[in-house]
Amino acid sequence: MPNEMTQSRPTVADDDVISLSEILDILIKGKWWIAGATLFFAVCSLAYLWVATPVFQSDALVQVESQKSPVGALVDMSDMLGSESPSEAEIEVIRSRFVLGEVVDDLTLDIVAKPDYFPIIGQAVARRFSPDAEANEPLNSPWLWFSGYAWGGEAVKIERFETPDSQIGKTYTLVTGENNRYELYDEDDEKILVGKVGLSAVSRDNQVRLFVSELIARPQTRFNVIRQPMVTAINHLSKRLSVSEKGKKTGVLSLSLSGPSSVHNSHILEAIIQRYVRQNVERVSAEAQNSLKFLEHQLPDMKKDVELAESKLHRFQQENQTVDLTMETQAVLDQAVDIDTQLAQLDMQIKQMGQRYTKSHPVMEELQLQRQLIVDRKNKFSDEARGLPKTQQEVMRLARDVQVNTEVYTELLNKAQELKIVKASAVGNVRILDHALSAIEAVKPKKSLIFVLAVLLGAMLGTGFVFLRTMLRQGVKTPEEIESKTGLSVYATVPVSEQNRLLERNSHKNGDSCLLACSAPDDLAVESLRSLRTNLAFAMMEEKDSRIMITGSSPTVGKSFVSANLALLLAESGKKVLLIDADMRKGRLHHYFAVHRGKGLSDILAGNADSSAIRGINEKCHLLTAGRIPPNPSELLMSQSFSAFLEKASDVYDVVLVDTPPILAVTDAAIIGRQCSQTFLVAWAEKNTASEISYAAKRLQQAKVNVKGCILNGMVHTSSRYGQYGYYHYAYGDKA
1 MPNEMTQSRP
11 TVADDDVISL
21 SEILDILIKG
31 KWWIAGATLF
41 FAVCSLAYLW
51 VATPVFQSDA
61 LVQVESQKSP
71 VGALVDMSDM
81 LGSESPSEAE
91 IEVIRSRFVL
101 GEVVDDLTLD
111 IVAKPDYFPI
121 IGQAVARRFS
131 PDAEANEPLN
141 SPWLWFSGYA
151 WGGEAVKIER
161 FETPDSQIGK
171 TYTLVTGENN
181 RYELYDEDDE
191 KILVGKVGLS
201 AVSRDNQVRL
211 FVSELIARPQ
221 TRFNVIRQPM
231 VTAINHLSKR
241 LSVSEKGKKT
251 GVLSLSLSGP
261 SSVHNSHILE
271 AIIQRYVRQN
281 VERVSAEAQN
291 SLKFLEHQLP
301 DMKKDVELAE
311 SKLHRFQQEN
321 QTVDLTMETQ
331 AVLDQAVDID
341 TQLAQLDMQI
351 KQMGQRYTKS
361 HPVMEELQLQ
371 RQLIVDRKNK
381 FSDEARGLPK
391 TQQEVMRLAR
401 DVQVNTEVYT
411 ELLNKAQELK
421 IVKASAVGNV
431 RILDHALSAI
441 EAVKPKKSLI
451 FVLAVLLGAM
461 LGTGFVFLRT
471 MLRQGVKTPE
481 EIESKTGLSV
491 YATVPVSEQN
501 RLLERNSHKN
511 GDSCLLACSA
521 PDDLAVESLR
531 SLRTNLAFAM
541 MEEKDSRIMI
551 TGSSPTVGKS
561 FVSANLALLL
571 AESGKKVLLI
581 DADMRKGRLH
591 HYFAVHRGKG
601 LSDILAGNAD
611 SSAIRGINEK
621 CHLLTAGRIP
631 PNPSELLMSQ
641 SFSAFLEKAS
651 DVYDVVLVDT
661 PPILAVTDAA
671 IIGRQCSQTF
681 LVAWAEKNTA
691 SEISYAAKRL
701 QQAKVNVKGC
711 ILNGMVHTSS
721 RYGQYGYYHY
731 AYGDKA
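Taking full-length UniProt numbering, the leading residue of the sequence shown gets 1, the next gets one more, and so forth.
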């Protein structure tokens with residue numbers, strides 16, 4: 001078979017290499033998918049932002065000062081425990097159940113009572129409702145017949161809700177009634193009790209008690225009431241609470257509480273910091289009380305020691321008639337008193353700290369080390385004091401006992417007075433810098449960020465889908481691909497025509513003709529078919545007859561579109577053309593010319609009609625429809641009458657154009673192709689694969705059909721592709 005000439009095209013790059021222009025082609029072809037995905041995600045983000053519950057945040061500041069022990073000089077804890085900021089410990093105190101549990105209990109946060117909103121949108125509608133003060137209407141009107149739901153303005157305040165332990169965490173339903181009355185139902189819709197606002201209500205078995213102090217709602221409005229376990233309520237509050245130190249070792253703590261209500265947040269956060277300050281004061285007061293109790297217990301013994309020491313010294317002086325000490329002995333005595341006083345105070349500290357810590361605690365080990373140092377100094381001094389006369393040594397010892405016991409006793413009295421003052425003043429080491437205050441704007445959701453991310457995500461997913469779809473599609477994309485993979489020459493490349501889509505849409509609505517060659521003769525698709533007409537003119541010179549079959553490998557590749565418009569273009573060139581719709585099963589060529597199917601090919605072959613069934617579209621173009629659907633189309637086409645009809649038509653017409661069913665669907669095309677000198681396969685770009693086209697050509701060739709070449713239909717008009725293949729909008733100007 002001679003190698004037919006096709007439109008001259010430059011060679012393309014390797015199939016495995018994708019260029020920037022091809023990427024742009026893919027994006028342009030999939031622009032509606034990308035735009036649709038972007039719009040979908042944008043709309044979804046707006047819908048989410050509309051229904052999402054806003055989260056407000058309340059903030060407060062407290063300062064934790066360096067803590068000093070109320071025992072004062074008796075214990076210097078900071079030197080023993082290091083100089084680390086107490087902020088970390090105080091943060092844990094704030095988040096502890098000791099503090100949060102009191103807040104939950106005081107504010108009854110373990111009782112959750114919420115209106116029953118309409119699913120998805122109900123809470124958003126209620127949140128946007130503003131009561132009309134002039135109309136004195138505190139409640140929003142219900143939508144349609146959904147009056148049982150809350151739509152805005154509803155409120156309930158429950159002061160007490162007691163249930164059996166087995167029912168803690170279960171959801172009860174409170175239904176409002178007339179005159180401030182209500183009914184409470186359990187999860188099985190069994191009525192538990194009936195009550196009235198402001199009065200305590202009790203169930204029949206006395207296991208459920210409820211006190212509602214406030215209730216604003218229409219009759220039959222439902223509220224969901226849950227008594228949470230205390231631990232659950234505390235954990236929930238702890239998750240909402242954030243505590244951190246501002247700066248490093250500043251002692252300034254920042255507290256923030258998030259939640260759906262700014263007013264409620266501030267109320268709860270203020271309760272937390274007040275409870276924290278109160279427990280801090282109570283702790284200081286308790287420490288002072290414990291230290292005071294210890295000192296008051298020691299004072300009587302110390303007083304006895306002082307009196308005993310004075311008595312011994314007085315008796316010794318009387319017995320030995322010794323009154324004054326020498327200057328040397330007095331100097332030694334002062335040093336001994338100083339050492340013994342330090343030792344006595346340290347022993348007092350060890351005894352007091354022993355009530356708090358074990359012997360292995362760092363505080364106790366530090367105190368024991370200090371005591372050992374003082375004992376060593378005392379032993380060294382004792383060795384030096386032995387050089388004094390024995391009388392002076394004894395006087396010095398007794399005088400030392402008196403002075404030491406007196407100083408210790410005096411010190412204890414002073415500390416006792418200080419602790420009484422500390423206990424009475426009850427001032428802790430925590431102060432509130434900023435009370436709880438809530439921001440007007442919600443901190444979540446971040447509307448701008450979510451919208452932008454949604455748009456970007458939609459665009460990314462849409463783009464990804466377009467590229468994935470392109471990768472998964474194995475259909476041929478270029479004429480070169482068909483020629484290289486199938487060996488068939490491509491006689492025309494027909495682009496997708498938006499004008500043709502509009503014509504077909506109007507044809508379905510109004511029944512008008514949808515011939516693109518008539519309605520838009522300057523359309524690119526029509527220009528491509530004119531190029532096919534030119535190539536056919538040269539190809540027909542070498543054939544024995546002028547019969548041409550148009551078929552395809554699969555349905556919906558546009559073979560009828562090509563056949564109808566090509567027939568009209570051939571007629572415009574002065575040739576007398578007969579267009580035959582040989583698809584007797586699903587033929588639809590009559591739609592292109594806006595005529596009824598009526599009698600046609602099947603009727604002529606069955607002997608029920610003659611050549612009068614051929615209709616004149618114009619002077620040069622005639623149409624033979626498929627006719628009525630026969631039970632045996634293949635048998636009619638194999639009959640002698642079909643061959644005779646084609647022979648007679650070839651004598652009358654310059655070109656006989658036959659539109660057939662797809663070759664891979666039925667065998668009709670193989671039968672008809674043997675009666676035609678030329679056959680063209682129509683393929684749809686990116687739909688029909690090269691292997692599918694090759695198999696269709698092989699099927700035809702096995703039936704001795706002369707497959708002349710291929711027509712690539714459905715090419716998308718992109719700048720890079722059509723620049724490559726030479727298709728441009730080029731038309732004459734409008735006629736005057």
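Ideal Cβ placement from N, Cα and C applies to all residues, glycine included. Because the structure is a prediction, the values reported are computed rather than measured.
Quick one, are the C-beta atoms of asparagine 713 and valine 494 less than 8 Å apart? yes
| message | Using 8 Å as the cut-off, can you tell me whether the region 273–281 makes contact with the region 97–105, which would need three or more C-beta pairs spanning the two stretches below that distance? | response | yes
Legend entry - Three-state class that DSSP yields for serine 379 in the structure shown: The residue asked about is misnamed: residue 379 is asparagine in this sequence, not serine. Residue state, collapsed to three classes: helix.
Subject >> Touch test, the region 548–565 against the region 646–662, Cβ-Cβ under 8 Å, three pairs minimum >> reply: yes
Open item on the list: Can you list, in chain order, the residues of its chain with a C-beta nearer than 6 Å to that of arginine 59? Leave out the 5 residues immediately preceding and following it.
Closed with: This sequence places aspartate at residue 59; arginine is not what is there. The residues are Ser256.
field: Local conformation of residue 749 per DSSP, three classes
entry: Because the chain spans 1 through 736 in this model, residue 749 falls outside it and cannot be assessed.
Just the C-alpha distance for leucine 515 and tryptophan 143, rounded to the nearest angstrom, thanks. 53 Å
Same chain only: Cβ atoms within 6 Å of threonine 163, ignoring 5 sequence neighbours per side
Val208 and Arg227
Check your understanding: Between cysteine 676 and the rest of its own chain, which residues show a CB-CB distance below 7 Å, the 5 nearest in sequence each way excluded?
Key -> Arg547, Ile548, Met549 and Val658
| query | Of all the options Gly259, Arg501, Gln63 and Ser639, which has the alpha carbon lying nearest to the alpha carbon of isoleucine 440? | reply | Gly259
Whole-angstrom distance between glutamate 366 and glutamate 92, CA atom to CA atom: 27 Å
Checklist line | Burial state of residue 737 (16 or more Cβ within 10 Å) | finding: Residue coverage of the chain in this structure runs from 1 to 736, which leaves residue 737 outside it and unanswerable.
Query raised in the report: Are the beta-carbon atoms of isoleucine 272 and proline 229 separated by less than 8 Å?
Result: no
Taking valine 156 as the reference, give the member of Ala126, Asn224, Asp165 and Lys191 with the closest Cα.
-> Asn224
Extent of the continuous beta strand (DSSP E) run through cysteine 676
Where cysteine 676 is concerned, there is no enclosing beta strand (DSSP E), given that its DSSP letter is neither H nor E.
query = Pairing CB atoms from the region 586–598 with CB atoms from the region 632–643, are three or more of them under 8 Å?
reply = no
Practice item. Tell me whether serine 19 is buried or exposed, calling it buried when 16 or more other Cβ atoms sit within 10 Å of its Cβ. Key: exposed
Practice problem: Let me know the secondary structure DSSP gives cysteine 514 once reduced to three states. | Solution: coil
Collapsed DSSP secondary structure at valine 666 in the structure displayed:
coil
- Task: Specify the secondary structure class of asparagine 429 as computed by DSSP and reduced to three states.
- Result: coil
_Through-space distance from glutamine 701 to glutamate 4, alpha-carbon basis_ = With a pLDDT of 41 at glutamate 4, under the threshold of 50, the modelled position of that residue is not reliable, and the figure given next carries that caveat. Taking the straight line joining both Cα atoms gives about 17 Å.
Can you tell me whether DSSP reads arginine 137 as helix, strand or coil? At residue 137 the sequence reads glutamate, which differs from the arginine that was named. If DSSP states are grouped into helix, strand and coil, glutamate 137 belongs with the strands.
Problem set entry | Supposed contact pair isoleucine 339 and arginine 371 - C-beta distance, whole angstroms, cut 8 Å | Not really, about 12 Å apart at Cβ, beyond 8 Å.
- prompt: Per the contact definition of three or more C-beta pairs closer than 8 Å, is the region 43–60 in contact with the region 118–133?
  reply: yes
Taking the alpha-carbon positions, what's the glycine 600 to alanine 649 distance? 14 Å
Exercise. Just to confirm, are glycine 709 and serine 489 a CB contact at a threshold of 8 Å?
Worked result: yes
Kindly indicate which three-state DSSP category valine 202 falls into: helix, strand or coil? strand
| task | Could you say if the region 262–271 and the region 432–450 meet the contact criterion of at least three C-beta pairs nearer than 8 Å? | result | yes
Is the beta carbon of serine 254 less than 8 Å from the beta carbon of lysine 246? yes
Compute the Euclidean distance between the alpha carbons of threonine 667 and cysteine 518, then round it to the nearest angstrom. 33 Å
ask   = Roughly how many angstroms separate the alpha carbons of glycine 726 and leucine 24, rounded to a whole number?
value = With a pLDDT of 43 at glycine 726, under the threshold of 50, the predicted position of this residue should be treated as unreliable, though the coordinate-derived value follows. Roughly 18 Å between the two C-alpha positions.
- Query: On the premise that leucine 215 lies in contact with tyrosine 182, defined as a C-beta separation below 8 Å, what is that separation, rounded to the nearest angstrom?
  - Reply: 6 Å
What does DSSP give as the partner residues of asparagine 713 in its beta bridges?
-> Val494 and Trp684
Let's test the definition: count the other Cβ atoms within 10 Å of the Cβ of alanine 644 and tell me whether it reaches 16, buried, or not, exposed.
exposed
| field | Where threonine 38 sits in the DSSP three-state scheme | value | helix
Quiz item: Curious, which full-length beta strand (DSSP E) runs of at least 3 residues does the region 81–116 contain?
Solution: 111–115
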